[in-house]
Amino acid sequence: MKRYVYINDDNLAKDIYCDNRISNRKYTILNFLPKNLWEQFSRFMNQYFLLIACLQLWSLITPVNPASTWGPLILIFAVSSSKEAWDDYNRYLLDKKANEKEIWIVRQGIRKLIQAQDICIGNIVWLRENDEVPCDLLLLGTADPQGFCYVETAALDGETDLKTRSIPSACMGIDVDLLHKIKGVIECPSPNKDIRRFDANMRLFPPFLDNDIFPLTIKNTLLQSCYLRNTEWACGVAVYTGNQTKLGMCRGIAEPKLTAVDAMIDKLTGAVFVFQIVVVIVLGIAGNVFKDKQGRKLWYVQYPKEGPWYELLVIPLRFELLCSIMIPISIKVSLDLAKSLYAKFIDWDVEMVDPETGIRSNAANQAISEDLGQVEYILTDKTGTLTENKMIFKRCCISGRFYGNESGDALTDAQLLNAASTGSADVILFLKVMAICNTVIPVRSKSGTISYKALSQDEEALVCASARLRMVLENKNGNILDINFNASPMQYEVLDTLEFTSDRKRMSVVVRECQSGELFILSKGADETILPLTYSGQQVRTFAEAVEQYAQMGLRTLCLAWRKLEEDEYQEWTSMFKEANSTLVDRERRVAEVCQRLERDFEILGVAAIEDRLQEGVPETIEILRKAGINFWMLTGDKMSTAIQIALSCNFVSPEPKGQILIIDGKTEDEVCRSLDRVLLTTRITESESKQDVAFVVDGWALEIALKHYRKPFTELAILSRTAICCRVTPSQKAQLVELLKLCDYRTLAIGDGGNDVRMIQQADIGVGISGREGLQAARAADYSIGKFRFLKRLILVHGRYSYNRTAFLSQYSFYKSFLICFIQIFFSFISGVSGTSLFNTVSLMAYNVFYTSVPVLFSVLDKDLSERTVMQHPQILFDCQSGRLLNPSTFAGWFGRSLFHAIVVFVITIHSYAFEKSVMEEVAMVAVSGCIWLQAFVVALETNSFTIFQHLAIWGNLVGFYAINWIVSSIPTSGMYTIMFRLCEQPSYWITMILIVATGMCPVLALKYLRYTYRPSRINLLQQSERLGGPILSSGIIEPKSRSSLDKDIPTDSVYEPLLSESPSATRRSAGPTQRLDSVQSQSPPHSTHTRKDN
Amino acid sequence: MSFSDGASKSSSKSSTKPTYSRFTQQELPACKPILTPALVMATFIVIGITFIPIGLSHLSASENVVELVDQYDEVCIPADSPDPDVVYSKRIGYIQDETTDKTCIRTLIVPKKMKQPIFVYYQLDQFYQNHRRYVKSRNDEQYRDPSASAKTTNCEPEAQLSEGQPIVPCGLIAWSLFNDTYTLSRNDVALPINKKGIAWESDRTHKFGDNVYSKNFQNRSLIGGGKLIDNIPLNQQEDLLVWMRTAALPNFRKLYGRIETDLEVNEIIKVVIQNNYNTYSFNGKKKLVISTTTWIGGKNDFLGMVYIIVGGVCLLIALVFITVYLIKPRPLGDPSYLSWNKNPASVQ
């Protein structure tokens, strides 16, 4: 699909395309209620609660006032709807502000001020300096005579540097006044969200130029939400408007991520639902049988002889309503509240504030903190994530001579300085390429110093280095470059720029030396793309060695090359280049092909090596997280040897005897296959018998083949190996790898800092962005953004772990308290003629869920089972979270058993102590409710690991609150509970009953917990004991590798039934079996695996 | 060298440093108790030591209650057939016949001296006052408010006469009012039963109106239980008030009245029972209970027994724990138990 934009045509475009009204709203006033309700009710839980609430309206079957369900339901809905409404209203206000902004456009040849929302396709829009671009524009003119302007695209891609935009060559030199009258047609693709491409053509109508087609690129556009900077004015024609702009199309609603804990809770809810249905069916049948056998004899009940057709359903439905409290309506609200607090704790954490920049951590996604505690794989980018992304020119090799050594880098190497000042031809050429072959913009400040604005840190490093070596890039005036070498100025005209793409991995410029008129192509790029392009006969061995040597030191290398061009060769080529650049279909490939024609027969000038220092604390962080059982994969676009070097230096792989690096490579499918098989075999053997730390290395090319043709063995390898290094991978391959691990059912965390990591970040279960030097793009796409890599350990070990533990308790407790009251109702039905009477009244039921039991447990979000220090010292404790030890069917069964036991205790004691003359319905109900409240207070207290003042307040204050609320209700004469609570509190037997309920309910729990705590302690218990008794535990610090064979999959995660207690130490981890055998230290690597070691 | 304009701006935007507080940093001072053997054993011993005396005193209080129970439903009805079905239908015929004299005389012997106040209860077994249809069949507003006599929601099927006049008090509970009566005499001297003040005070003052009078009550063809006196306000007919406090259990006692004189040991009490109430159709039992009270209320051995059992078990548990602790002491927090510190050889 193509779109034709007629420039400055006031009549045509209006109807065909949308206007520039931006709308980010989800709702309108009219559709808010239905749409929002529809969205809320598309969730199973809500449908269920609505069904229950509707059934309750039928007075024949409702056991209590419908308010007991409608109240909480409406509250929950009101809260989430008003949140949505508020968000939407704010979006509306923002839209309105943007839409009503006044913009200069040209109408009927006259400049007019209109509102931004009235801009139509084809209108010419005028912008002044620091204006925000209202829609996607094609640049037509700027204040700059060369046709350049500068934009800041931070809102679009997060990159904070200024970018140059230029007017299309066709518009060059058109007078300002004529711009009002310009006419033409632009052929461009339909609106799309690719902010890096705009493959279009333009044809200006006479009298401006004859029917010549001009190619347009993204360089000629001003995209919505960018700011015009350092340019007095600019004007452009609107090509995409409203929600169809590039930004508007990008704005997608990310799919909500579901955590493993959420999935587990959903699963358990499903099981509870099934259980509930079974209970309802059983009780329903029992009820109907009792009714026919016995109930009809109860004359005082007056069963009609002939009931309506639905009579058989009445009792089961009553029980359905009675049992509906089994699924706690409050769990969603409690969890949401807890999760937003976890997110706030991350935001608030001062220990995760980057001291250099002051950037603090931010949890953009509030819902997935628990997943942080269950991470099994971390996929990390290298540059900017592990390293600082501060490039420093370290070494170079110019025509076989190595500059820079251990004691200092190349810039301080006297030989190089000397060579530069004396004007050694090779060195000068090398420096020229460094200074010219780039897209850096020099900016001269008022004081006269020059600073450079560059997209790529590498380029900036090169230009700065060349400036230190006296080859100063002074000015870039359109196509003219001013270079100052040893105080003698030179001028170059840049004719063409052959851009860098991740496929080409090189960039070149064609320049003309202004004095001599000679043409050159200067090129720089990765060794593997430059070295094969040399003219036949040049010795590249030294360079290859240099590259290798530098890479071993963990430096990034760039090869610099050049060639002289003949005039006619260039002329011939440039027309082809122009043509390729104006194609609409598959432009990138065509351009690359054409570029290839010029980039040949190079003379290699040398190799530049750039250092990218590791961030502070990276090796320690990786070591701790690996100890915690997290597997690391490094995905980088860098070259293999650099990647391996970095991997070694930041503890990815243990050094030589223990660690082993296996390389998968090969150019053809067969080679890759063979290599993969060999590595897999070695890994299998190593995993099964030795104690080695195996890492495999794969490059982008082999990876593509492996993923395409050998997915199965590669997956097996991925599971077996703890560490992987993938180099030379593209953004989409990064995402593919995440996908691969996710398909194996692992929790993945992707961390990166740049635009090329965005896809991986979005794909992973948890995306973490580093707000780094490559802009905020990754940080924006991520669920969490942090300032430095080293904060990751705190994010996972502290925040993730606590969040998981707290949610595990909170959710299971919610079910426990619902079961408790529901079981009592069920027991009561057996002594009330299985007729479905509710023992509890509406007020108690509602308040039980909303206040009495929710408040104390909500404060468990402050609970800390172990101190942060202990966790950091013993990161292995994260195993328990990863394997889901604290929330799984077996722990859930424990809570289920506990609630059943407690229900029996409360019920039996209540009906026996309040028997005969005391068995007044209201009193018995109150006694039972009080019993539940007392028990739950002690349950929360017993399960709390650390009591802060808030927990004490919540737990004991809640008890006081319970009595206060009931005294208030009991003093209202019209309430059913009038005087009940006062009467009860006066009776000694009430208090005696309460004490008995608590003692009988808690003693067995306490005894079991104590036995387990002392004689079969879980790891958490052990650490708690040592932490609180003072004796430090010294962990031997062995990295316990996780082994995962495909066999492990068949073992159910946790199948041990643990009654009454929530922890199940005997539960097996997914990988518990083989793990234990692997963690002793062995120094010798088995001989059979050495042959795969890389030999250089 | 780098152009830091953008960077500094973005940092100033987000550098609103999180304010430090112990809450936001999750560093609130906390007390972190652990289950040390001493603590746990002490808890159990304390529970055991306190529970047994409480249980004993409760039991003795219960022991001091003098209780006379007489089941009269079977003996107060003629049944002369071996076939249970015949007995069943005969009994129902008998109890439903309004014309027969249903007087029944029982004699009771006081087992121990009973001090006044002595409470007279009737006990019904297998009577589901907590049945869903039954317990809901009332309208408190009608009972309270004289102007709301037409409000009979929830009272079906005892809401209105067939002509549409509302029944006051409406509902199954009121309709099935217990109507056996007891007349007591000691040595042929009438023993008065005080029926004033047997209902809860709150029921008399708030739940039932003092100018609400019964209307159309028991006027339908189907007659349930007792009748009310139409010119006495509902809140003075305390039998109704007591009956309307529905019981949560199928076996329950309700206060019939109080005897305000002491009864001596071995005194013979003659009870004249008007056996009107139909418990025969559902095989329920009727009992007359005469009982004193103590601080725990009526006779209830359950709480005392359970207290002693729980206390005993706690002591036992404590004993076991102590023994185990002495035989096999295990230091808390021993690092050698951490799985990653274990010698792999020993784990096989």
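Here the protein sequences come in this chain order: D and C.
Each residue of the first sequence is one higher than the one before, counting from 1 in the numbering used here.
Each residue of the second sequence is one higher than the one before, counting from 1097 in the numbering used here.
Just so you know, even glycine gets a beta-carbon here, dropped at the ideal spot from N, CA and C.
{"Item": "Limits of the unbroken alpha helix (DSSP H) element including D/W633", "Value": "No alpha helix (DSSP H) holds D/W633; the beta strand (DSSP E) holding it covers 631-635."}
{"Item": "Residue closest to D/C396, alpha-carbon to alpha-carbon, out of D/E548, D/Q146, D/L222, D/S80", "Value": "D/E548"}
{"Item": "Bridge partner(s) assigned by DSSP for D/L228", "Value": "D/V151"}
{"Item": "Chain-ordered chain C contacts of D/N966 [CB-CB under 7 Å]", "Value": "Per Cβ cutoff of 7 Å: no residues; D/N966 is ~15 Å from chain C at best."}
{"Item": "Bridge-paired residues (DSSP) for D/S785", "Value": "D/N362, D/G769"}
{"Item": "Residue-level contact to chain C via CB, D/S902, 8 Å cutoff", "Value": "Sequence check: residue 902 of chain D is His here, not Ser. False, the Cβ-Cβ gap to chain C never drops below 8 Å."}
{"Item": "Cβ distance (whole Å) where D/H952 is taken to contact D/I346 below 8 Å", "Value": "Not really, about 26 Å apart at Cβ, beyond 8 Å."}
{"Item": "Option in D/F892, D/E671, D/I521 with minimal Cα separation from D/E603", "Value": "D/I521"}
{"Item": "Sub-8 Å separation of D/I103 and D/G141 beta-carbons", "Value": "no"}
{"Item": "DSSP-derived helix/strand/coil call for C/S1049", "Value": "Here chain C has residues from 1097 to 1444 only, and residue 1049 of chain C is not among them."}
{"Item": "Residue burial classification, D/K83 (beta-carbon count within 10 angstroms, cutoff 16)", "Value": "exposed"}
{"Item": "Under 8 Å (Cβ pairs) to chain D, residues found in the stretch 1325-1358 of chain C", "Value": "R1341, T1342, A1343, A1344, L1345, P1346, N1347, F1348, R1349, K1350, L1351"}
{"Item": "Per-residue contacts from D/R318 into chain C (C-beta, under 8 Å)", "Value": "R1228"}
{"Item": "Neighbour-count burial assignment, D/P1065, 16 or more Cβ in a 10 Å radius", "Value": "Note that D/P1065 scores 36 on pLDDT, short of 50, meaning its location in the model is unreliable; the coordinates nonetheless yield the value given after this. Classification of D/P1065: buried, given that the 10 Å Cβ count is 16 or more."}
{"Item": "C-alpha distance - C/T1279 paired with C/D1358, whole-angstrom precision", "Value": "17 Å"}
{"Item": "Counted within 10 angstroms of its Cβ, other Cβ atoms place C/W1339 as buried (16 or more) or exposed", "Value": "buried"}
{"Item": "Interface flag, C/M1097 vs chain D, CB-CB below 8 Å", "Value": "With a pLDDT of only 37 at C/M1097, under 50, the local geometry of the prediction cannot be trusted, and no value is derived from it."}
{"Item": "Ordered list of alpha helix (DSSP H) runs contained in the stretch 1387-1413 of chain C, each at least 4 residues", "Value": "none"}
{"Item": "Simplified DSSP state of D/C727, which is helix, strand or coil", "Value": "strand"}
{"Item": "One or two residues paired with D/I511 in a DSSP bridge", "Value": "In the sequence as presented, Ile is not what sits at residue 511 of chain D; that position holds Val. Partner(s): D/V494, D/F520."}
{"Item": "Beta carbon proximity, C/A1295 to chain D, threshold 8 Å", "Value": "no"}
{"Item": "Cβ-based neighbour list, C/K1424, same chain, cut-off 6 Å, excluding 5 preceding and 5 following", "Value": "none"}
{"Item": "In chain order, each beta strand (DSSP E) run of at least 3 residues that lies wholly inside the stretch 786-854 of chain D", "Value": "none"}
{"Item": "D/M926 to D/Y963 span [Cα, whole Å]", "Value": "11 Å"}
{"Item": "C-alpha distance - C/A1343 paired with D/F828, whole-angstrom precision", "Value": "12 Å"}
{"Item": "Inter-stretch contact (C-beta, 8 Å, three-pair minimum) for the stretch 270-290 of chain D and the stretch 345-365 of chain D", "Value": "no"}
{"Item": "Helix, strand or coil at D/R1019 [DSSP, three-state]", "Value": "helix"}
{"Item": "Classification of C/R1228 by the beta-carbon crowding that lies within 10 angstroms, buried from 16 upward", "Value": "buried"}
{"Item": "Secondary structure, beta strand (DSSP E): runs of 3+ residues fully inside the stretch 606-684 of chain D", "Value": "631-635, 659-664"}
{"Item": "Assigned secondary structure, D/P206 (DSSP; H/G/I helix, E/B strand, else coil)", "Value": "coil"}
{"Item": "Buried/exposed call for D/P532, threshold 16 Cβ in 10 Å", "Value": "exposed"}
{"Item": "Backbone secondary structure at D/G270 - three-state DSSP", "Value": "helix"}
{"Item": "When D/W934, D/P619, D/A764 are compared against D/Y990, the one with the closest alpha-carbon", "Value": "D/W934"}
{"Item": "Sequence-distant residues of the same chain with beta carbon closer than 8 Å to D/S1036, five excluded per side", "Value": "Reliability fails at D/S1036, whose pLDDT of 40 lies under 50, so the model's placement of it is uncertain and no value is given."}
{"Item": "Local Cβ density within 10 Å of D/Y570, reported as buried at 16 or more and exposed below that", "Value": "buried"}
{"Item": "Beta-carbon contacts of D/D144 that lie in its chain and below 7 Å, excluding the five residues immediately before and after", "Value": "T231"}
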